[in-house]
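Notes for the one structure printed next.
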Ligand SMILES: [Zn+2]
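Residue numbers (mature numbering (1 follows the signal peptide of the UniProt record, and there is no 0)): -35 to -1, 1 to 364.
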């Protein structure tokens, strides 16, 4: 049973402080540094990283001599085999393809280095109630239930096997509930896509694999936090349930689980590529009147909507699934705040202007408060690449 450190709780009792803490923590999240679906009509999902949980001296969950690391690897190798066989245009990269220890940060590093399009981590669950069974697929975020928090704690605690975990993970204590507050505000461009893939996976488990689907969930998994692409963590079943353990231990069971994930992956690839094409064309053709959900502080609503009608540059300081009040005290005193909702994520911006120079000039100042802040571009309220925004501005100027 976990005991809450009441001293620490007292310290952060003040809600305002919590918000500031969260916003401060948001700076730790990695930024996407490369092209993503949504602004490239020719986007193709090219590389997938398959991550078998645990390995080597880290067995993961254990029931007798049966170990989670073997179940995870068995499923991952089958999944990789299916993708290589049936989707030869997709490159498969494994974080481990046999039984050895891989630190958590290294798993994400492998995916980030090769600019993977999707990261799939496979695990098996365990709990104290033998009757509980079924699958859960997680995207990064704040847990909504204690159960989800427990799963994240258990999976994150593997960092304690890494010698330099305190510095490596900036003092993150996997066993402390307070550590997880930072996941309230996930600075993750890819959450929407992660949730989409997660729901494809759970659908497949339920409809085609005959598993009990315990749903798409969110929790603060460090391995997902470190990745700069859509990423999910799949708990393929409960080892604490005798029947499910036998299934996960069997070659047939692993093949069915792997083929369910494979079908979800194939569907996700098709959807994301088609959606990317459609989105880009929509913005380019301006066939549809675009009404972005924009709000701002210190600038009138009408001026804001006018400003965001054409190409506009701004500094992004945070992103969240949650709608935060546009108050300077919520954003380290930053004024001129804008909130824009795209793909179900709220982006928090400042220093919006039609002049990129004006925005770039503000960046250093903003980065004193938000080191990871960066310049973004929007057209008609939709995010566009910087290159494209510059081209538009240049074309406009030469008219
Ligand atoms: Zn695990």
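From the three backbone atoms N, C-alpha and C, an ideal C-beta is built for every residue, glycine too.
So, at 6 Å on beta carbons, what are the nonlocal neighbours of residue 289 in its own chain, with the 5 sequence-adjacent residues on each side left out? For the purposes of this step, residue 289 is taken as residue 324 along the chain shown, with counting starting at 1. If we look at residue 289 and ignore the five residues flanking it on each side, its Cβ neighbours are 295.
Using the beta-carbon count (16 or more within 10 Å), is residue 256 buried or exposed? Along the chain shown, read from residue 1 onward, the residue named residue 256 stands at position 291. Bear in mind that a pLDDT of 48 at residue 256, under 50, signals an unreliable position, so the model cannot answer this.
Entirely enclosed alpha helix (DSSP H) segments - the stretch 65 to 97, minimum 4 residues: When DSSP assignments are scanned along the stretch 65 to 97, the uninterrupted stretches of alpha helix (DSSP H) that are 4 or more residues long and fall wholly within it turn out to be 69 to 78.
Taking the CB atoms as reference points, tell me whether residue 169 and residue 225 lie closer together than 7 Å. Translated into the one-based positions of the chain shown, residue 169 becomes position 204. Translated into the one-based positions of the chain shown, residue 225 becomes position 260. At a Cβ-Cβ threshold of 7 Å, residue 169 and residue 225 count as neighbours.
Roughly how many angstroms lie between the CA atoms of residue 307 and residue 64, to the nearest whole one? To locate residue 307, count along the chain shown from 1; it is residue 342. To locate residue 64, count along the chain shown from 1; it is residue 99. Whole-angstrom Cα-Cα distance: 42 Å.
DSSP state of residue 186 mapped onto helix, strand, coil: Position 221 of the chain shown, counting from 1, holds the residue named residue 186. The three-state reading of DSSP puts residue 186 in coil, since its state is none of H, G, I, E or B.
Three CB pairs or more closer than 8 Å across the stretch 216 to 224 and the stretch 133 to 146: Contact between the stretch 216 to 224 and the stretch 133 to 146 is absent, because fewer than three Cβ pairs lie under 8 Å.
Any heavy atom of ligand 1 closer than 6 Å to the Cβ of residue 18? Within the chain shown, the letter at position 53 stands for residue 18. Using a cutoff of 6 Å, the CB of residue 18 counts as near ligand 1, since one of the ligand's heavy atoms is closer than that.
Thinking C-alpha only, which one of 95, 347, 191 is nearest residue 71? Start at 1 with the first residue of the chain shown, and residue 71 comes out as number 106. Checked all of 95, 347, 191; the closest Cα to residue 71 is 191.
Rounded to whole angstroms, what is the Cα-Cα separation between residue 331 and residue 313? Within the chain shown, residue 331 is the residue found at index 366, counting from 1. Within the chain shown, residue 313 is the residue found at index 348, counting from 1. Computed Cα separation, rounded: 13 Å.
Starting from residue 5, trace the beta strand (DSSP E) both ways and give me its first and last residue. As a working note, residue 5 is residue 40 in the chain shown. Neither: residue 5 is in no beta strand (DSSP E) and is coded neither H nor E.
Residue 87 and residue 230 look like a contact to me (Cβ under 8 Å); what is the Cβ gap, rounded to whole Å? Stepping through the chain shown from its first residue, residue 87 is reached at position 122. Stepping through the chain shown from its first residue, residue 230 is reached at position 265. Cβ atoms of residue 87 and residue 230 stay farther apart than 8 Å, at about 12 Å.
What do you reckon, are the CB atoms on residue 278 and residue 340 nearer than 7 Å? For this step, residue 278 is matched to residue 313 along the chain shown. For this step, residue 340 is matched to residue 375 along the chain shown. A distance below 7 Å separates the beta carbons of residue 278 and residue 340.
Between the stretch 40 to 51 and the stretch 72 to 81, can you find at least three pairs of beta-carbon atoms closer than 8 Å? No, they do not touch.
In three-state terms, what does DSSP make of residue 161? Working through the chain shown from its first residue, we reach residue 161 at position 196. For residue 161, the three-state secondary structure derived from DSSP is helix.
Go ahead and label residue -13 buried or exposed: buried means 16 or more other beta carbons lie within 10 angstroms of its beta carbon, across all protein chains shown. Walking along the chain shown from the start, residue -13 turns up at place 23. Low confidence applies here, because residue -13 scores a pLDDT of 44, under 50, leaving its location unreliable; read the following figure in that light. Residue -13 is buried by the Cβ-count criterion.
Tell me where the beta strand (DSSP E) around residue 14 begins and ends. Translated into positions along the chain shown, residue 14 becomes position 49. 12 to 17 is the extent of the beta strand (DSSP E) around residue 14.
Mind checking residue 17: buried by the 16 CB within 10 Å criterion, or exposed? Here residue 17 corresponds to residue number 52 of the chain shown, with the count starting at 1. Its Cβ being crowded by 16 or more others within 10 Å, residue 17 is buried.
Within 10 angstroms of its Cβ, does residue 200 collect 16 or more other Cβ (buried), or is it exposed? For the purposes of this step, residue 200 is taken as the residue at position 235 of the chain shown. Counting Cβ neighbours within 10 Å, residue 200 comes out buried, since at least 16 surround it.
Based on DSSP bridge pairs, tell me the residues matched to residue 100. Working through the chain shown from its first residue, we reach residue 100 at position 135. According to DSSP, residue 100 bridges with 178.
Go ahead and label residue 302 buried or exposed: buried means 16 or more other beta carbons lie within 10 angstroms of its beta carbon, across all protein chains shown. To locate residue 302, count along the chain shown from 1; it is residue 337. Buried, since its Cβ has 16 or more Cβ neighbours within 10 Å.
Looking at ligand 1, does it come within less than 6 Å of residue 46, judged from the CB to the closest heavy atom? Translated into positions along the chain shown, residue 46 becomes position 81. Relative to ligand 1, residue 46 has its C-beta separated by 6 Å or more from all heavy atoms.
Contact defined as beta carbons within less than 8 Å: I believe residue 6 pairs with residue 241. What is the distance between those atoms, to the nearest angstrom? For the purposes of this step, residue 6 is taken as residue 41 along the chain shown, with counting starting at 1. For the purposes of this step, residue 241 is taken as residue 276 along the chain shown, with counting starting at 1. Yes, they are in contact, since the Cβ atoms of residue 6 and residue 241 sit about 7 Å apart, within 8 Å.
Please determine whether the Cβ atom of residue 191 lies at a distance below 6 Å from any heavy atom of ligand 1. The sequence position of residue 191 within the chain shown is 226, counting from 1. When distances are taken from the beta-carbon of residue 191 to the heavy atoms of ligand 1, even the shortest one reaches 6 Å or more.
Proximal residues to residue 60 (C-beta, below 6 Å), its chain only, five neighbours per side dropped: The residue given as residue 60 occupies position 95 in the chain shown. Non-local C-beta neighbours of residue 60 in its own chain, meaning closer than 6 Å and more than five positions away in sequence, comprise 16, 67, 72, 75, ordered along the chain.
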